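Residue numbers (our numbering), protein chains in the order written: chain A, 1 to 406; chain B, 1 to 406; chain C, 1 to 406; chain D, 1 to 406. We put the beta carbon where it would ideally sit given N, CA and C, even for glycine. Just so we're clear, the structure is a prediction, and the values are computed from it rather than from any experiment.
4 protein chains.
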Amino acid sequence: MSDKAYYLFEEIQTNRGIRIDKVKEKIKKLAIETPSWGYGDSGTRFKVFQKAGIPRNAFEKIDDAAMVHRLTGVCPSVAIHIPWDKVEDYGQLAEHAHHQGLRIGAVNPNLFQDNDYMLGSVCNVDPIVRKKALAHLLECVQVAKEVQSDNISLWLADGTNYPGQANLRQRKHWLYESLAELYSSLLPQMRLFIEYKFFEPAFYHTDLADWGMAFHLANQLGQQAQVLVDTGHHAQGTNVEHIVSYLLDEQKLGGFHFNSRKYADDDLIVGTMNPYELFLIFYQILDAEQDVDAGVRKTAENIAYMIDQSHVIEPKIPAMIRSVMNVQTQYAKALCIDFVKVRQAQLENDVLGAENAVREAFEFDVSPLLRVVREEMGVPVDPLQAYEASGYPKQILERGVGGASW
Amino acid sequence: MSDKAYYLFEEIQTNRGIRIDKVKEKIKKLAIETPSWGYGDSGTRFKVFQKAGIPRNAFEKIDDAAMVHRLTGVCPSVAIHIPWDKVEDYGQLAEHAHHQGLRIGAVNPNLFQDNDYMLGSVCNVDPIVRKKALAHLLECVQVAKEVQSDNISLWLADGTNYPGQANLRQRKHWLYESLAELYSSLLPQMRLFIEYKFFEPAFYHTDLADWGMAFHLANQLGQQAQVLVDTGHHAQGTNVEHIVSYLLDEQKLGGFHFNSRKYADDDLIVGTMNPYELFLIFYQILDAEQDVDAGVRKTAENIAYMIDQSHVIEPKIPAMIRSVMNVQTQYAKALCIDFVKVRQAQLENDVLGAENAVREAFEFDVSPLLRVVREEMGVPVDPLQAYEASGYPKQILERGVGGASW
Amino acid sequence: MSDKAYYLFEEIQTNRGIRIDKVKEKIKKLAIETPSWGYGDSGTRFKVFQKAGIPRNAFEKIDDAAMVHRLTGVCPSVAIHIPWDKVEDYGQLAEHAHHQGLRIGAVNPNLFQDNDYMLGSVCNVDPIVRKKALAHLLECVQVAKEVQSDNISLWLADGTNYPGQANLRQRKHWLYESLAELYSSLLPQMRLFIEYKFFEPAFYHTDLADWGMAFHLANQLGQQAQVLVDTGHHAQGTNVEHIVSYLLDEQKLGGFHFNSRKYADDDLIVGTMNPYELFLIFYQILDAEQDVDAGVRKTAENIAYMIDQSHVIEPKIPAMIRSVMNVQTQYAKALCIDFVKVRQAQLENDVLGAENAVREAFEFDVSPLLRVVREEMGVPVDPLQAYEASGYPKQILERGVGGASW
Amino acid sequence: MSDKAYYLFEEIQTNRGIRIDKVKEKIKKLAIETPSWGYGDSGTRFKVFQKAGIPRNAFEKIDDAAMVHRLTGVCPSVAIHIPWDKVEDYGQLAEHAHHQGLRIGAVNPNLFQDNDYMLGSVCNVDPIVRKKALAHLLECVQVAKEVQSDNISLWLADGTNYPGQANLRQRKHWLYESLAELYSSLLPQMRLFIEYKFFEPAFYHTDLADWGMAFHLANQLGQQAQVLVDTGHHAQGTNVEHIVSYLLDEQKLGGFHFNSRKYADDDLIVGTMNPYELFLIFYQILDAEQDVDAGVRKTAENIAYMIDQSHVIEPKIPAMIRSVMNVQTQYAKALCIDFVKVRQAQLENDVLGAENAVREAFEFDVSPLLRVVREEMGVPVDPLQAYEASGYPKQILERGVGGASW
């Protein structure tokens with residue numbers, strides 16, 4: 001039946017003018033980076049529920065990430081976070097990853113958990129703290145060199161909780177100064193991803209509060225600096241795909257932190273709250289891949305897709321597999337958009353026709369396609385089931401309770 | 001100059017028809033309960049910054065609350081939270097409070113930090129967990145009896161993170177069943193405050209998500225059950241004072257958890273983000289105190305005012321004193337409203353006149369009044385300065401770092 | 001290929017334990033009422049763009065509604081709005097509808113466009129205005145009797161724009177008094193739907209601002225009063241399906257006004273912004289249809305589904321057809337939920353399993369099913385195409401520009 | 001008593017180190033432009049309530065604006081909107097203004113009410129429409145020259161209602177192209193203010209949706225292009241004063257459209273919903289006026305303060321006077337900030353101290369100061385009362401009902 005379903009799907013898409021071979025090729029190439037911290041315990045400010053089987057160190061986190069890659073075939077890299085993943089020998093960590101078919105992806109500095117950073121890191125009024133924060137950033141570039149990663153991914157938690165607490169413009173200058181030094185330490189092939197966030201942990205102002213601030217900073221720094229869009233870091237109602245299309249057009253979209261939200265930065269499994277939004281993001285990306293401008297095309301094709309979630313109640317590895325599958329699902333649907341039809345309707349100012357031409361792709365059931373793609377890739381057709389059937393869930397129980405958390 | 005300022009204030013208000021003696025009497029009677037947990041370390045999910053001088057146990061938290069009461073004169077009770085304030089002998093704890101001129105206020109159950117409550121407490125699908133949660137609620141009623149408190153204040157964190165995760169209607173029934181048992185254990189003079197919250201820690205649905213659900217539940221339970229309004233627990237844009245007026249009219253407003261927010265449940269110092277909102281809440285309360293219906297009047301006069309904040313970066317005791325002062329400021333301003341003028345304008349459908357009649361009270365500087373009130377009460381005119389000048393800030397440093405937190 | 005697709009769909013669903021015959025029966029029975037005003041010109045406060053072919057009166061609006069019913073087979077009734085659809089002889093209007101296979105559905109009073117209502121209708125401080133508003137409500141009950149409709153659908157725009165503008169509690173009493181009189185004029189088989197709205201046209205407070213206020217009012221009035229949920233009338237982030245499940249459990253959900261929103265009350269085509277939310281609403285309804293309580297089941301089966309949109313830029317009739325199809329799509333998907341599987345996972349506290357059991361139904365492509373259902377119903381398989389192919393679009397151009405608007 | 005109040009105020013401020021002469025000078029110099037359309041009838045999409053006495057043409061609107069200037073002394077210019085204020089001879093209109101002590105301020109193009117603009121103006125897919133829109137923009141520059149205004153103030157309503165409706169990146173390019181042509185037509189002393197808006201009238205995407213897009217566009221165009229901040233055009237929770245400080249630091253803040261909002265773009269009287277926000281905006285501006293960078297200082301001192309409200313239920317002229325007074329109130333309070341104290345506390349990372357140093361200025365009652373300032377300026381001490389006492393309210397009734405509206 002599965003085969004039948006696939007052949008029918010292929011027939012339907014072919015009749016619509018969709019090149020199914022290209023669709024499959026694209027899906028196979030969609031690499032989704034998973035975060036080492038996504039395998040650890042995490043929670044809300046009210047409670048971190050500890051689970052059995054949580055990795056106890058950076059090496060075990062990589063083991064879990066490797067398991068996800070073996071089951072999905074599309075997660076070849078794992079993001080690390082310093083100092084959560086601090087080890088004595090980063091070369092050894094990279095080696096450990098390589099042995100399992102992985103590589104180290106984005107290196108994420110941490111400028112929010114040291115006691116000195118209570119009132120800011122690179123934006124702190126105290127020059128000693130700013131210096132310390134900058135040293136950490138430079139350390140992360142060094143780590144990236146050691147693990148042969150080309151990506152530094154910076155989320156800056158700096159902000160204030162009260163009006164008047166700090167001089168906002170002064171902090172803006174300090175921020176630029178530190179990042180300029182960080183930028184100048186990058187190797188030519190490296191990219192610096194600059195993330196923004198509407199609020200939390202700061203509740204009055206956040207120094208990098210929105211895409212506009214991240215974008216302007218990236219412009220000031222240079223070509224290697226790009227904006228990172230975390231799908232949960234916006235005000236309610238924000239049209240995220242519009243921002244995506246804007247950054248693509250400016251050749252400044254570097255990557256994503258995927259997750260879902262209904263309220264604030266809920267960090268839920270991507271694709272579970274409003275899957276259509278994820279589909280529409282991919283629609284903008286695929287549209288940009290066909291741009292006349294080579295720079296725009298290249299930007300769209302060079303996006304770093306990363307998952308960044310906080311699994312409070314979910315089993316970690318299955319949650320990560322589900323996340324990867326959800327991303328694939330919406331990407332596959334977006335690949336079924338008949339762009340010729342969309343553009344024709346747009347040119348004719350046919351509002352309903354253009355809306356329908358995009359939405360009709362969303363309504364396809366792409367699960368037969370994804371099963372076949374997985375077969376062709378030599379990974380399990382049902383990665384979640386395969387995970388449960390493997391010995392891994394039982395094996396990790398040996399780690400006990402009380403593994404890594406943030 | 002301070003005297004001059006007060007006499008001028010008195011003259012102006014008297015000319016407006018405001019009875020300054022009654023205003024002072026009202027301010028002196030406004031009791032504001034502080035929470036034991038507000039003196040401990042607290043933070044965001046990203047970090048709890050530990051401070052020196054934090055109380056190490058329930059007794060020391062009461063010491064801090066007593067200090068705030070000595071300095072302000074209007075904080076005669078302290079809310080406790082079980083098990084954060086669990087002690088072997090609650091009588092002894094109450095005695096400790098009495099010795100310092102305090103009494104134990106609302107007893108707050110904790111249904112969110114036990115590992116068993118990860119997927120719900122009284123709404124958990126597992127009857128054993130529900131039973132355990134109910135037992136804890138009943139234990140809290142017992143504690144209340146032992147500390148001679150008449151208030152149980154329930155915030156229920158129960159909820160789900162994903163569509164389909166649970167049967168929402170079934171959980172609603174379980175919630176009612178447990179609370180009905182809790183309710184039947186109350187002494188006749190006791191009140192049960194039912195709090196609601198828009199989201200967090202649950203990110204898809206919260207079993208008591210808004211005032212409507214808390215109100216309906218309180219109606220089902222009976223007269224001793226009332227709604228508690230936490231000023232930070234609403235969707236963006238919600239007209240909180242409208243809800244306050246509605247609950248007053250229904251004689252179902254039990255109390256407040258005061259704090260400020262700009263984004264979500266930010267739990268900042270009350271009165272720092274939008275002080276006008278706090279003023280407008282008091283306007284509704286003072287308006288209801290003049291209602292023809294005795295029940296409405298009594299409800300308005302019997303509100304439990306409680307502070308509930310999470311001081312992430314602030315020194316705890318000064319933050320609490322500032323909070324108390326901010327509440328007094330807005331209350332004092334609301335007492336300067338010329339209700340005759342407001343009502344006349346309302347009757348005449350004079351939009352600008354009515355708006356102005358309310359707002360003009362907000363624009364008065366009530367600090368001279370509050371200084372005189374404090375003098376008359378025999379407390380420091382400047383409680384914050386008095387705190388800094390006392391030996392207390394130095395004395396508590398002996399507690400070291402690593403005190404109580406949640 | 002279409003046949004192939006359907007047979008495969010049937011096979012898959014049958015294997016999952018879904019009774020396809022029952023699914024089809026349910027879809028055929030899902031009646032969706034369209035609003036007469038949805039066929040007229042409408043716009044934003046900035047501009048109403050006038051289109052050619054807009055109906056010039058109530059009779060022509062019914063013609064358009066009848067066309068939509070002929071093409072979809074599931075829109076047997078049309079809501080009317082007084083005075084927009086005021087005619088001399090309502091019996092004649094009903095007759096006109098019957099001749100075209102339609103009946104008149106909900107009668108909607110208008111309490112917001114008379115000059116007297118600028119500062120409120122049934123909540124106005126002026127008793128003469130309140131009396132006039134009540135008279136209009138009673139007139140609408142009379143109209144309902146004349147057109148043999150059993151539904152009165154009340155949206156109350158009353159509210160204020162400024163703090164202090166009016167006595168909120170007094171208005172609450174006036175509101176109850178008028179609705180109590182309206183209620184007492186209902187025939188026993190009639191229902192009164194009470195709608196709520198977060199804001200607009202009032203920008204400070206709205207007298208019926210949320211479901212809690214509408215629900216309490218319906219409880220006070222009696223069994224024939226029920227709450228109407230307009231999907232665009234909530235604060236950002238509100239879990240609408242939770243409210244739906246709550247009202248179902250209380251047997252107080254009367255009906256829906258379907259539309260889509262991204263920001264405020266955008267009144268866009270239903271199902272175009274976040275189709276998953278619509279699916280989840282139907283999930284709650286279908287869940288309630290299986291309740292042990294007969295009253296809950298009956299409530300769920302007796303919901304009045306109505307579209308209420310404001311087509312600013314869209315061609316009106318195609319927009320309505322698209323809306324009806326979008327509702328059917330999400331309803332059909334929800335009918336594919338394997339409730340046994342969902343409940344089993346819920347009982348086992350299997351978060352990922354339960355979430356997946358609901359979402360997997362959303363991922364089916366139900367278009368083959370809907371095509372077959374339409375065939376079996378004897379309506380066009382593609383209603384939009386059939387509309388374009390009919391002479392109707394051309395025929396209505398004779399109406400010219402400048403038809404009905406609100 | 002008024003005198004006593006002022007002398008006490010002066011004494012208090014002087015003791016705090018505030019130079020009261022400079023404060024008064026600043027208040028007198030704060031020019032607030034009123035909009036011609038604010039004197040006309042306006043409303044919501046549900047109803048425009050027509051009032052008696054509304055100006056019937058551009059000349060009468062200027063009469064009303066002149067009245068507001070006579071009564072307040074701080075509204076020397078009036079913004080016009082083309083074609084709402086289209087006249088045959090703009091020189092004559094300017095002359096009419098001059099005779100009454102006014103000048104014409106910002107010229108506002110209208111790109112949203114022509115039928116051709118239904119799906120966009122300068123972003124329309126149709127080159128003929130784009131050309132027409134550009135011609136209108138150039139016409140407005142011509143009008144500005146004729147009325148000797150140096151400010152073009154552009155609000156672009158362009159956007160889409162549905163995903164897929166249009167190519168977002170293509171529209172971005174068309175937008176730039178038109179504005180580049182507009183920009184090149186400016187005289188050297190002219191400024192182009194670029195406004196942004198979160199949503200409405202478009203409900204899916206707005207081509208200039210946030211400050212980041214307006215800022216980038218202004219950067220691309222050149223020095224004469226600056227961003228205009230309308231206080232009601234942001235997502236809920238947005239920290240507007242942060243954006244203000246950011247734009248000041250970048251020397252790209254051109255002006256404000258002042259109004260209040262609680263929900264969306266409510267366009268209520270400025271200072272009535274959250275007066276503290278307005279105060280905090282002025283805090284940022286006054287802070288920037290002391291910057292070491294001359295460009296930042298000049299930018300802060302050269303801001304165009306404009307009111308942009310939609311008076312739905314209010315009498316127009318009194319609403320405008322109240323708005324002007326509310327702006328003055330918050331400005332005067334901000335001028336009482338002890339910046340030395342603020343900066344000292346900021347340098348010491350004294351969170352509570354710095355917060356208090358800003359907020360304490362907000363708590364002063366500046367009405368005695370404003371009365372004296374008005375006396376010194378030779379305008380009525382109570383402008384609203386003076387308006388009611390003047391013959392003007394009666395005189396304009398001759399205009400009848402049915403004046404200008406938008």
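Name the DSSP bridge partner or partners of residue i?
i	result
B:P35	B:A79
D:T44	D:K47
B:G402	For B:G402, which the question treats as bridged, DSSP gives no partner whatsoever.
B:Y305	B:I32, B:F256
B:D230	B:H257
Taking a contact to mean a Cβ-Cβ separation below 7 Å, would you say residue i touches residue j in this structure?
i	j	result
B:L335	B:V23	yes
C:A361	C:A345	no
D:I269	D:R322	yes
D:I317	D:D64	yes
C:R191	C:Q142	no
B:L182	B:L248	no
D:L71	D:P393	no
C:G105	C:D158	no
B:R374	B:V381	yes
D:T97	D:I54	What sits at residue 97 of chain D in the sequence shown is Ala, not Thr. Not a contact, by the Cβ cut-off of 7 Å.
D:G38	D:Q395	no
A:N161	A:Y204	yes
Where residue i and residue j are concerned, what is the direct C-alpha to C-alpha distance, given to the nearest angstrom?
i	j	result
A:Q50	A:G403	8 Å
A:K154	A:W174	It is Leu, not Lys, that sits at residue 154 of chain A in the sequence shown. If I take the Cα positions, the gap works out to 16 Å.
A:L111	A:H234	21 Å
A:E88	A:Y305	28 Å
A:A209	A:Y196	5 Å
A:A133	D:A180	42 Å
A:Y90	A:V147	6 Å
How should residue i be labelled, buried or exposed, when 16 other C-beta atoms within 10 angstroms of its C-beta is the threshold for buried?
i	result
A:L187	exposed
A:T14	exposed
A:S184	exposed
Contact check, residue i vs residue j under 8 Å by CB: the rounded distance?
i	j	result
A:T231	A:F198	Contact flag wrong, Cβ pair sits at about 12 Å.
C:Q330	C:L370	So it is not a contact: roughly 11 Å between Cβ atoms.
Just to make sure I have the definition right: I need the residues of chain G whose C-beta is within less than 8 Å of the C-beta of residue i. Which are they?
i	result
C:Y162	Absent here is chain G; the protein component of the structure consists of chains A, B, C and D.
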